[in-house]
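Data block below; observations after.
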DNA sequence: GTCCACTCTGTAAGCGCATTCATGGGCTGT
DNA sequence: ACAGCCCATGAATGCGCTTACAGAGTGGAC
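Residue numbers (the numbering used here), protein chains in the order written: chain A, 6 to 344; chain B, 6 to 344.
Given below as structure tokens:
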């Protein structure tokens, strides 16, 4: 910048103005500066600007590394949930003039989040359970943080969640009322998965609504993978007594896994047994039969996150907001609906 | 930082050391500082650090916004190519201690890339044709840039591409030699799509290899969407003379589109006519029949990009490198292979 | 011709941190 | 007990930019 100023025979302040508020500089001067800048290949330092202006123009997103968890064994088979969120955030951020900094949670100890993201952005979003609460607590005192999905752990943060409970409740009701299934089994996720919990709760509510017996716990649990879906299904079918008329899974991957087991056993879906999932991953529409599920608006999660951040940046005194994003029951063949 | 220093009764230099080189500070001091930092919720400013240390610890990625182009009409049906690249880069970047800044190309004029990304990162990758060459030219004088996919436009940049030509050539040879198809039709992309061009060229080479007539241009073109795939297929079938024994598409989306048309017309795939795609998107394995295609290693594109950047950062004098990533022919039913 | 009101540009003071260099204190060895 | 060393720390400088603030020029109204 100093070089540009010198060669254009102006002060660095003017160079700065040319880029920040071009209107404040006479046209002749501006063009002269621009020309020199181009010639010299001037690239303004984001760091310096950030330092001087106390804002970086960047928003952040922290998400878990799915490497060895939900990713689904079948390589790249699904658009990962977080991919959609990233995309949604990127779009929205761009609209607002921000860039997006992303970082999967790193094993690198406490320093990680703070050093990697918090110091470089004007605000950021965190996928629930990605970052230790304590650390969030600290960081959120310095800059806006919005929590994505999962329950609201810290009530002074903005927070966006999807209507897990309501979605599962609707889906269950559909099974009961529209398809007359009453012998239902629910396959949950790990006990510490809030989403899976909420979905099970929705299942409970629907049972209650219909006057069916309300179970205390899922009939089986799995780790949200296809393999666990298969295992859970085997387990359910091995139970004494009549087989369930429908199995509701806490997520799609498990439901898809179940399909294979059922087919293998000669059980027809949905005639002999209905199957449902949750999440709305693309895979569900491509299986045979296509799986009835509940679609999560992952992209909108990201967009809303940016909106909240931008709003809070504009007015830090706003009251923390908690948004509940609606979900959509997607009826397909696996529950008995035509396609 | 000044506050922390004051309350911990040390100088700011010591606070800095506690975070940068903890070993250089006596343990007692270090813990005292850490305690105060935690108490105060100290978050080091990335900008200031970047300024002082002349490096940001961030790598960047510029990619086109697929909003209204390749995205595929079927909402979220595919893992977008760039999603995989993002993921690959993020992983690799994290391994090397970098964070990732992403920005889809923005309509915001020339200022955009430079202001948004270049100034904030230590180096970045660009998906081919995302950024005007001239702008890249300028920026690449200041920091490492690696070009992803597409032909090598600037020979002083590091560059990674996938073996489009070779892949299509192999695939075509497979069709000819292993399935005995000789009446082939190729559906290309837009004329200014280097990837599609390269693939067509591979097709030409294979024809030549086999002593078949070598076409000058694709038999049809489309915009890489399913809709265009359908249209192209209709067009081909409407031509006078015998129908082709195989249609090779420049990408998967078009091939998938074709499947529907063929089924509708009562043509069996692959018995009456073989179909192949290119890219290896997940969708291809889920159609009926599954589509033979060529898988692109998108994730590895991203990882390699980071590797190149890191290497160049370590040694700016290295000679520019051009990496060609191998692709894999994935044989499935649509070409006549068993599944 | 004078004075005022603008417009455009320059001056200078930081922004929060890393880092070099100097300094002081403790320790070793004698 | 003293010289010599090293380790831990502090003081000071600068990274490249933004942004009041002030100053210089320009034009118009009187």
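Where a beta carbon is used, it is the ideal one built from N, C-alpha and C, also for glycine. Values in this document were obtained by computation on a predicted structure and should not be read as measured data.
Put simply, the CB of residue 95 of chain B is near chain A, with a gap under 9 Å to one of its CB atoms. Contact between residue 194 of chain B and residue 227 of chain B holds: CB atoms are separated by about 7 Å, below the 8 Å threshold.
For a cut-off of 8 Å, the C-beta gap from residue 162 of chain B to residue 151 of chain B is around 7 Å, short enough to register as a contact. By the Cβ-count criterion, residue 95 of chain B is buried, with 16 or more other Cβ atoms from all chains shown falling within 10 Å of its own Cβ.
A distance below 9 Å separates the beta carbons of residue 60 of chain B and residue 127 of chain B. Residue 104 of chain A is bridged by DSSP to A/63. Contact of residue 91 of chain A with chain B by beta-carbon distance below 7 Å involves 91. Under a 10 Å Cβ-count criterion, residue 329 of chain B is classified as exposed, with fewer than 16 other Cβ atoms of the shown protein chains found around its own Cβ. Pairing residue 297 of chain A with residue 279 of chain A gives a Cβ-Cβ distance under 9 Å. Following the DSSP letters along the chain, one finds residue 143 of chain A inside the alpha helix (DSSP H) bounded by residues 138-144.
The secondary-structure analysis by DSSP pairs residue 225 of chain B across a beta bridge with B/192. Here residue 326 of chain A carries a coil assignment [DSSP, helix/strand/coil].
Of B/153, B/66, B/138, B/119, the smallest CA-CA separation from residue 104 of chain B is found for B/66. In summary, residue 286 of chain B is buried, with 16 or more beta-carbon neighbours lying within 10 Å of its beta-carbon over all protein chains present.
Looking only at A/327, A/175, A/122, the smallest Cα-Cα distance to residue 336 of chain A is reached by A/175. Counting along the chain, residue 308 of chain B sits inside the alpha helix (DSSP H) bounded by residues 303-319.
For residue 55 of chain A, the C-beta contacts it makes with chain B under 7 Å involve 52, in order along the chain. Residue contact check for residue 40 of chain A against chain B: no CB pair falls below 9 Å. In the three-state scheme derived from DSSP, where H, G and I count as helix and E and B as strand, residue 236 of chain A is classed as helix. Along the region 247-275 of chain A, there is no position whose C-beta sits under 7 Å from a C-beta of chain B. Secondary structure at residue 41 of chain B: helix, using DSSP grouped into helix, strand and coil. Using a C-beta cut-off of 8 Å, the region 234-252 of chain B makes no contact with the region 201-217 of chain B, since fewer than three inter-stretch Cβ pairs fall below that distance. In terms of Cα proximity to residue 130 of chain B, the closest of B/110, B/153, B/120, B/137 is B/153.
In the three-state DSSP reduction, residue 172 of chain B falls in the helix class (H, G or I). At a cut-off of 9 Å between C-beta atoms, residue 333 of chain B does not count as an interface residue with respect to chain A. Counting every other CB atom within 10 Å of its CB across the protein chains shown gives residue 185 of chain A a total below 16, marking it as exposed.
Contact annotation for residue 46 of chain A against chain B: 143, 146, 147 [CB-CB distance below 7 Å, chain order]. Take residue 326 of chain A, set aside five residues on each side of it, and the residues of its chain with a beta-carbon closer than 6 Å to its own are 163, in chain order. The beta-carbon of residue 160 of chain B is placed no less than 9 Å from the nearest beta-carbon of chain A.
Restricted to the region 273-299 of chain A, the beta strand (DSSP E) segments that are unbroken, complete and at least 3 residues in length are 279-281, listed in chain order. With the criterion set as a beta carbon lying under 9 Å from some beta carbon of chain A, the members of the region 116-132 of chain B are 116, 119, 120, 121, 122, 123, 124, 125, 126, in sequence order.
Among the residues facing chain A, residue 14 of chain B is not included, as its CB has no counterpart in that chain under 9 Å away. For residue 130 of chain B, the enclosing beta strand (DSSP E) starts and ends at 128-132. Proximity of residue 43 of chain A to chain B, defined by a Cβ-Cβ separation below 9 Å, is satisfied.
For residue 166 of chain B, the pairing in a beta bridge is given by DSSP as B/329. Counting every other CB atom within 10 Å of its CB across the protein chains shown gives residue 138 of chain B a total below 16, marking it as exposed.
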